[in-house]
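Quick notes on the structure that follows.
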Amino acid sequence: MNIPFVDLKTQYQGIKEDIKAVIDNVLEECAFVGGPYVKSFEKNFLEVHGAQYGIGCANGTSAITVALRALGVGPGDEVITVTNTFIATVEAIVEVGATPVLVDCDADTYLMTAAKVEEKIGPKTKAIIPVHLYGNACPMDELVHLANRYKLMIVEDCAQAHLCHFDSQAVGTFGEAGTFSFYPGKNLGAYGDAGFVTVNSEDLEKRVRMEIDHGRTSKYEHELSAGNFRMDGLQGAILDVKLKHLKDWTEKRQKWAQRYNQAFIKEGFKVIKSVEKGECVYHLYVIEVANRDEVMTCLQDADIACGIHYPIPLHKQKALERYNLRGGDFSNSERSATTMLSLPIFPELSEGQVDYIIEKFLKIAKRV
Ligand SMILES: *Cc1c(COP(=O)(O)O)cnc(C)c1O
Numbered sequence: 031m032n033i034p035f036v037d038l039k040t041q042y043q044g045i046k047e048d049i050k051a052v053i054d055n056v057l058e059e060c061a062f063v064g065g066p067y068v069k070s071f072e073k074n075f076l077e078v079h080g081a082q083y084g085i086g087c088a089n090g091t092s093a094i095t096v097a098l099r100a101l102g103v104g105p106g107d108e109v110i111t112v113t114n115t116f117i118a119t120v121e122a123i124v125e126v127g128a129t130p131v132l133v134d135c136d137a138d139t140y141l142m143t144a145a146k147v148e149e150k151i152g153p154k155t156k157a158i159i160p161v162h163l164y165g166n167a168c169p170m171d172e173l174v175h176l177a178n179r180y181k182l183m184i185v186e187d188c189a190q191a192h193l194c195h196f197d198s199q200a201v202g203t204f205g206e207a208g209t210f211s212f213y214p215g216k217n218l219g220a221y222g223d224a225g226f227v228t229v230n231s232e233d234l235e236k237r238v239r240m241e242i243d244h245g246r247t248s249k250y251e252h253e254l255s256a257g258n259f260r261m262d263g264l265q266g267a268i269l270d271v272k273l274k275h276l277k278d279w280t281e282k283r284q285k286w287a288q289r290y291n292q293a294f295i296k297e298g299f300k301v302i303k304s305v306e307k308g309e310c311v312y313h314l315y316v317i318e319v320a321n322r323d324e325v326m327t328c329l330q331d332a333d334i335a336c337g338i339h340y341p342i343p344l345h346k347q348k349a350l351e352r353y354n355l356r357g358g359d360f361s362n363s364e365r366s367a368t369t370m371l372s373l374p375i376f377p378e379l380s381e382g383q384v385d386y387i388i389e390k391f392l393k394i395a396k397r398v
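Mapping to this note's numbering: the sequence shown position 270 is 300, numbers consecutive.
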């Protein structure tokens, strides 16, 4: 049995006819950049998240960048996020000229907490970026409360958390802005790069739109020198087709995660914990083991693909050296970076495959 980490080929086989039809439409209409297909997707994506304002863009990294820019975050400002995230979260902070400040994650949820953020708030702190890592919803009640107390803005990084809810409200709708990635391997993936920004007001949507499209107020009137971060028509059309399956795909991810959880908890392993009122949509299924190299070798020998997300916390990355981010206690992120393993989790898995992975994993894995 050969089990890939993500199976985009099988997924494509199931939706091929619909995808080919819309690609043909986009080509016939030459609706290549923005246009009616992107508009339709924007409307539908907002609707499933219960969001009112938002706009598609080029990718998940530029989504964070344009959100910060539209909010006026720039040089002289500090933005707090977690050290255990994909580097894009911090790249966006750097891109707008602000200074990244990193906090450790919680030991059990692997998420930002208000207590850890509060320790690093200073006079220059302008915004926080909670990351709903692995598709696990951050404790948005305490983070919103904290942001209100210190007058900070919130940009939620929802790149791994499409259709994920906290207290029955979709992530991406708690702060000033929420940002999504449609990188092909994400829970909702384009056939190339694409992203999305949800925002909490019409005025902010207008500003984000300008940041995405050359600072335009009309075709050749530019209020800002902003750049080009637009979504392609083909990606909008493809995403609109795939969006119809997102709920079903999310439930399947959760179903496989529960099957893993049951088997692993019984053997005393620690599995991703959600915060009270929060859910997890399992972009990744991570689990800490004491003998990671050994487990990875065994799984690979059994033709089971696995990964590490992420092996180096950002405070230790060479790319960010000049920000002197190493000060402070990052013990949860540092421990999990050395013990954490990601097992295959995608909707198209079968019960037989999941049970095979469980069997091979339990044969060799040791608890931390
Ligand atoms: C994927 C990802 C991004 C970046 O998205 P791209 O579309 O690849 O630019 C940002 N943040 C997190 C947490 C991600 O997982």
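Positions of the beta carbon are idealized from the N, C-alpha and C atoms, including for glycine.
Being a predicted model, the structure only gives us computed values, none of them experimental.
So is residue i buried or exposed if we call it buried at 16+ other beta carbons inside 10 Å?
| i | result |
| --- | --- |
| serine 21 | Since the first residue of the chain shown is 31 and the last is 398, residue 21 is not available in this structure. |
| leucine 392 | exposed |
| cysteine 60 | exposed |
| glutamine 288 | exposed |
| threonine 139 | buried |
| isoleucine 295 | exposed |
| threonine 203 | buried |
| asparagine 258 | exposed |
| methionine 405 | Since the first residue shown for the chain is 31 and the last is 398, residue 405 is missing from the structure and cannot be characterised. |
Can you tell me where the alpha helix (DSSP H) with residue i in it begins and where it stops?
| i | result |
| --- | --- |
| threonine 327 | 322-331 |
| leucine 38 | 38-59 |
| isoleucine 387 | 381-394 |
| proline 66 | 65-78 |
| aspartate 278 | 276-296 |
| valine 120 | 118-125 |
| serine 92 | 90-100 |
Anyone know if the C-beta pair for residue i and residue j falls short of 8 Å?
| i | j | result |
| --- | --- | --- |
| tyrosine 340 | asparagine 166 | no |
| lysine 282 | proline 377 | yes |
| glycine 90 | phenylalanine 196 | no |
| alanine 267 | valine 52 | yes |
| proline 105 | glycine 127 | yes |
| histidine 313 | alanine 207 | no |
| valine 201 | glycine 84 | no |
| methionine 326 | glycine 86 | no |
| histidine 345 | arginine 352 | no |
| lysine 156 | leucine 176 | no |
| isoleucine 33 | isoleucine 388 | no |
| leucine 273 | phenylalanine 75 | yes |
Nearest-angstrom Cα distance between residue i and residue j?
| i | j | result |
| --- | --- | --- |
| threonine 95 | serine 70 | 24 Å |
| alanine 293 | arginine 322 | 18 Å |
| leucine 329 | methionine 370 | 14 Å |
| glutamate 253 | glycine 219 | 33 Å |
| leucine 379 | tryptophan 286 | 8 Å |
Terminal residues of the continuous beta strand (DSSP E) containing residue i?
| i | result |
| --- | --- |
| leucine 371 | 370-373 |
| arginine 246 | 246-248 |
| methionine 183 | 183-187 |
| tyrosine 83 | 83-87 |
May I ask you to verify whether the region 231-247 touches the region 110-130, counting CB pairs closer than 8 Å and requiring at least 3? no
Should the region 301-312 be called in touch with the region 167-180, which here means at least 3 C-beta pairs below 8 Å? yes
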